[in-house]
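Visitor:
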Amino acid sequence: MEGSLVLEDGTVARGPFFGARRRILGELVFNTNMTGYTEALTDPSYRGQIL
Numbered sequence: 042m043e044g045s046l047v048l049e050d051g052t053v054a055r056g057p058f059f060g061a062r063r064r065i066l067g068e069l070v071f072n073t074n075m076t077g078y079t080e081a082l083t084d085p086s087y088r089g090q091i092l
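The letter at position 48 of the sequence shown is residue 89 when you use the working numbering, and the numbering goes up by one with no holes.
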């Protein structure tokens with residue numbers, strides 16, 4: 042399934058996605074860890090954010 046990431050300035054990025062199959066709004070954040078990035082997907086500190 043394909044989705045879109047629309048930024049506040051109007052920039053649009055399209056591509057495949059996984060996870061919820063509905064419209065999602067939230068703060069976009071990133072993780073710079075060299076290891077353990079898979080654990081970040083279930084880390085409660087990222088709740089309500091798009092990782």
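All C-beta atoms, glycine included, are put in the ideal place defined by N, C-alpha and C.
Any idea what DSSP makes of Glu49, helix, strand or coil?
Guide: Here Glu49 sits in coil by DSSP.
Visitor: Measure the Cβ-Cβ separation of Phe58 and Met75 and say whether it is below 8 Å.
Guide: no
Visitor: Report yes if the CB atom of Ile91 is closer than 8 Å to the CB atom of Gly67, and no otherwise.
Guide: yes
Visitor: Assuming Tyr78 is part of the alpha helix (DSSP H), what are its boundary residues?
Guide: Tyr78 to Ala81
Visitor: Rounded to whole angstroms, what is the Cα-Cα separation between Thr52 and Asn72?
Guide: 21 Å
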